[in-house]
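Down below is the structure, laid out as structure tokens.
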Amino acid sequence: MPNEDAKLEIDYAGLKRRLDDARSLGLDEAFSTEKRREVLSARAKMLAKSRDEIRPSVLTVLTFKVGGERYSVPIEQVDHVMESRGLCSLPGAPRHVLGAIFSRSRVVPVLDLRQMLGLEGGGMSDLGKVVVVDVGGEAFGVAAEQVDGRQELLRTTLSQPPPGPFLFLTPDRLTVLDVEKLGSPATARRG
Numbered sequence: 073m074p075n076e077d078a079k080l081e082i083d084y085a086g087l088k089r090r091l092d093d094a095r096s097l098g099l100d101e102a103f104s105t106e107k108r109r110e111v112l113s114a115r116a117k118m119l120a121k122s123r124d125e126i127r128p129s130v131l132t133v134l135t136f137k138v139g140g141e142r143y144s145v146p147i148e149q150v151d152h153v154m155e156s157r158g159l160c161s162l163p164g165a166p167r168h169v170l171g172a173i174f175s176r177s178r179v180v181p182v183l184d185l186r187q188m189l190g191l192e193g194g195g196m197s198d199l200g201k202v203v204v205v206d207v208g209g210e211a212f213g214v215a216a217e218q219v220d221g222r223q224e225l226l227r228t229t230l231s232q233p234p235p236g237p238f239l240f241l242t243p244d245r246l247t248v249l250d251v252e253k254l255g256s257p258a259t260a261r262r263g
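Heads up: the sequence shown begins at 73 in the numbering used here, then just goes up one per residue.
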């Protein structure tokens, strides 16, 4: 295959015109080092201003459904999401503890929000996912019917939730759970 670069014609007249235009603007060899520095500094400041955009404050969460309601947890507290297969019951455990699951070489208790919050819901077969969260090195899971994924919430749209293990409520009724309260023994006794 012949070299295509060799076939490319160079527009010398166009290049000479552009060089003459640059010289007419004072961009030739007589352009002092100080003037160049001044022009480049002004250009850099202008470019920096264009990048200084004000980003709204957001809370990134992982959303999921339980008992027909939408819930979420702050993404920085989510360790991972897994299938609920392999969930073992724990005889004598409180009603809100569905059981335990082996996850990443540790045993993780799995909570049932339906029991804790008094929600309607089906049986165990409805809870196909477990959202494993980590609070201060302690992990526990929250059983979910469906995991919807990551979502960014504008902090200006968040309102105070009703009493309970909740952080925020969005205008479209998405509840952000307070994972620390959710995992505390006092919260479990209330449920």
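Each residue gets a CB set at the ideal place from its N, CA and C atoms; glycine is no exception.
Note that the structure is predicted; figures quoted are calculated from it, not measured.
DSSP three-state assignment for residue i, whether helix, strand or coil
i	result
Ala216	strand
Gly139	coil
Ala165	coil
Arg262	With a pLDDT of 45 at Arg262, under the threshold of 50, the modelled position of this residue cannot be trusted; read the value that follows with caution. Helix.
Asp92	helix
Ser24	Past the boundaries of the shown model lies residue 24; the chain is included only from 73 to 263, so the question cannot be answered.
Ser231	strand
Pick from the options that is closest to residue i, judged by C-alpha positions
i	options	result
Leu249	Val138, Glu192, Arg89, Glu155	Val138
Leu185	Tyr143, Ala172, Arg222	Tyr143
Ser156	Gln149, Val203, Leu254	Val203
Glu22	Arg108, Lys88, Gly236, Met118	Outside the displayed range of the chain (73 to 263) lies residue 22, so it cannot be described from this structure.
Ser256	Glu217, Asp206, Leu246, Asp220	Asp206
Thr247	Leu131, Ser96, Gly171, Lys201	Leu131
Val169	Arg109, Ala215, Leu239	Ala215
Arg167	Arg245, Ala94, Gln187, Pro233	Gln187
Pro146	Gly221, Glu81, Phe174	Gly221
Met154	Glu106, Ala172, Ala165	Ala172
Sheet register partners of residue i (DSSP bridge)
i	result
Arg178	Ser175
Arg222	Leu134
Leu211	The residue you asked about is not Leu; residue 211 is Ala in the sequence shown. In DSSP, Ala211 forms a bridge with Asp206.
Leu183	Val169, Val214
Thr247	Tyr143, Leu241
Lys201	Glu155, Ala216
Bounding residues of the alpha helix (DSSP H) (the contiguous stretch that carries residue i)
i	result
Glu252	251-254
Continuous beta strand (DSSP E) stretch holding residue i: start and end
i	result
Asp151	150-155
Cβ-Cβ separation, residue j to residue i (assumed contact under 8 Å), whole Å
i	j	result
Pro233	Leu241	4 Å
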